[in-house]
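Read through the structure below, which is laid out as structure tokens, and then see the notes.
Numbering (my numbering), first residue to last: 1 to 345.
Right, dumping it as structure tokens:
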């Protein structure tokens, strides 16, 4: 039985997709009653702080992991058409403006993480992609990725997911355009500027369905296998907030009436290192306790797009002044987004 299950994706990829989809749907629909039943079996008062926190953790953990697995699998298949090589080929030789928009859009569907920032950056530079366009991609890819959008849609609905995507793309496009206008190519490390230019080629794909399914499964093993500790940590923090923080407590320093809430959220978010899957449960709990939407989105964007580990990695290819400019321009964009939406929503 185990051998059949393991070979099903290779032998019958369509059958595997159907069975996996039905099993996923059945599991997802059972999450709330099962979590409530488990809490009912434990020696806890459901209405107590601990009971509320435990139920939040037992419900959100499998929910986020199931959503994450589904999204990563589907996008792993989609990404067989949108490889980094094809992305470089699409952007090479483009002028700024339209290219910034294209780069930010491609960042949504292109596999990317902080650890791949340097090789991607070098590949873009070698292919002749303008510096500002490269930054539009590097900002959008981690911040407005498919995992963040799908989880936002599942947790908060399509309006907030669309709002986050629009804001994130706007920040990436404008920040990349500004960096391009500053003409800071001289602040690349010397060895990066001296690299020979290469012609970017899209290459051939021609993959069969079974190969695309394998790519999706490989993405699940690689990405979910790496981020699940962050998911558990984020849900644990969210559970603590959900269970013990008094209702509307967050409104006192993360609400609309506190003018300094957005700058504070960005300052708190930058030193943190997480991904969308890990930080979204925290954002969910903050909003439930009275945090303003603009402040919460600014916090999430700063955690994902302005992480110190990524800045340290990029130091290999960028001089300090360019890194500081990159962080400053993106931070100003995130601040503007948070303040604007706190004012109008």
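By construction, the Cβ of each residue, glycine as well, lies at the ideal position given by its N, Cα and C atoms. What you are looking at is a predicted structure, and each value in this text was computed from that prediction instead of being measured.
Nearest residue (CA-CA) to residue i, options the options
i           : options            : result
residue 231 : 161, 306, 186, 147 : 147
residue 127 : 91, 98, 158, 315   : 91
residue 123 : 46, 325, 193, 322  : 193
residue 240 : 308, 48, 31        : 48
residue 329 : 180, 294, 242      : 180
residue 317 : 44, 15, 188, 144   : 188
residue 99  : 108, 129, 120      : 129
residue 172 : 333, 339, 344      : 333
residue 39  : 28, 54, 120        : 54
residue 340 : 261, 137, 279, 326 : 261
residue 289 : 137, 254, 164      : 254
residue 211 : 21, 81, 33, 277    : 81
residue 221 : 326, 69, 37        : 69
residue 101 : 174, 183, 23       : 174
residue 259 : 335, 327, 190      : 335
Close-in-space but distant-in-sequence residues of the same chain around residue i (CB under 8 Å, 5 per side omitted)
i           : result
residue 71  : 146, 147, 150, 151
residue 4   : Confidence at residue 4 is low in this model, with a pLDDT of 49, below 50, so the placement of that residue is unreliable and no value is reported for it.
residue 331 : 266, 270, 302, 306
residue 391 : Outside the displayed span of the chain (1 to 345) sits residue 391, for which this structure offers no information.
residue 170 : 333, 337
residue 144 : 104, 107, 108, 164, 165, 168, 169, 172
residue 342 : 256, 261, 262, 292, 293, 294, 295
residue 278 : 227, 230, 231, 233, 234
Residue range of the alpha helix (DSSP H) that includes residue i
i           : result
residue 26  : 13-41
residue 263 : 261-269
residue 342 : 320-344
residue 212 : 209-219
residue 242 : 225-244
residue 60  : 49-78
residue 283 : 276-288
residue 129 : Element bounds for residue 129: n/a, residue is neither H nor E.
residue 300 : 293-305
residue 150 : 146-156
residue 102 : 98-109
residue 191 : 190-193
Close beta carbons around residue i, own chain, < 6 Å, minus the five adjacent residues each side
i           : result
residue 213 : 9, 13
residue 60  : 235, 281
residue 219 : 72, 76
residue 353 : Residue 353 falls outside the range modelled here, since the chain spans only 1 to 345, and no answer is possible.
residue 67  : 151, 154
residue 216 : 73, 76, 77
residue 134 : 124
residue 28  : 66
residue 43  : none
residue 319 : 187
Cβ neighbour criterion (16 or more within 10 Å) applied to residue i
i           : result
residue 35  : buried
residue 223 : buried
residue 132 : buried
residue 177 : buried
residue 19  : exposed
residue 225 : exposed
residue 246 : exposed
residue 25  : exposed
residue 344 : exposed
residue 284 : buried
residue 208 : exposed
residue 312 : exposed
residue 1   : Its pLDDT being 46, under 50, residue 1 is placed unreliably by the model, and the measurement read from it follows with that caveat. Exposed is the call here.
residue 136 : buried
residue 45  : exposed
residue 141 : buried
residue 276 : buried
residue 157 : exposed
residue 37  : exposed
Own chain, CB closer than 7 Å to residue i, minus 5 neighbours either side, in chain order
i          : result
residue 56 : 238, 239, 242, 243
residue 51 : 39, 44, 45
Any C-beta of chain C under 9 Å from that of residue i
i           : result
residue 310 : Absence of chain C from the displayed structure is noted, only one protein chain being present.
Contact test: residue i Cβ vs the ligand ATP heavy atom, cutoff 8 Å
i          : result
residue 23 : Ligands in the displayed structure: none, and consequently the ligand ATP is not present.
**Q.** Contact between the segment 258-273 and the segment 302-312 (3+ Cβ pairs under 8 Å)
**A.** yes
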